[in-house]
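All the letters of the sequence shown, read from the start, carry residue numbers 1 to 76 under our numbering. Heads up, the beta-carbon is just placed ideally off N, CA and C, and yes, glycines get one too. None of these values were measured; they are calculated from a predicted model. For reference, the structure discussed in these notes is given below.
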Amino acid sequence: MAKRIIVWSENAVYELKEILEYFNIRNKSKIYSLKLNAKIQSDLKLLLTYPEIGKNTTTLNVRAILIDNYFIFFTK
Numbered sequence: 001m002a003k004r005i006i007v008w009s010e011n012a013v014y015e016l017k018e019i020l021e022y023f024n025i026r027n028k029s030k031i032y033s034l035k036l037n038a039k040i041q042s043d044l045k046l047l048l049t050y051p052e053i054g055k056n057t058t059t060l061n062v063r064a065i066l067i068d069n070y071f072i073f074f075t076k
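Put into structure tokens, the structure is as follows:
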């Protein structure tokens, strides 16, 4: 079986940076942003082994997982 990798779209990278920056400013600390980013990265690693954990969406071949309050959309 071929090794899976996660490829982020430019928009996804931008959105993640914006979300993390928002919490940095709002909380006047990077602590929450660092924890949130670590949680996202950890949960995404599960997709490498278990790509079926996401739920189907109404868009063909697109699945979603919920991490805290954020949906991550992906194709497998």
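Please state the DSSP three-state secondary structure of residue i.
{"i": "I19", "result": "helix"}
{"i": "V13", "result": "helix"}
With distances taken from CA atoms, which of the options is nearest residue i?
{"i": "R4", "options": "Y70, E18, L46, N69", "result": "L46"}
{"i": "V62", "options": "E52, N69, Y14", "result": "E52"}
Is the separation between the beta-carbon of residue i and that of residue j shorter than 8 Å?
{"i": "F23", "j": "L36", "result": "yes"}
{"i": "L66", "j": "I6", "result": "no"}
| task | Any chance you could list the alpha helix (DSSP H) runs of at least 4 consecutive residues sitting entirely within the stretch 25-52, in chain order? | result | 31-49
| field | Start-end ranges of the beta strand (DSSP E) lying completely within the stretch 49-74, minimum 3 residues | value | 62-67
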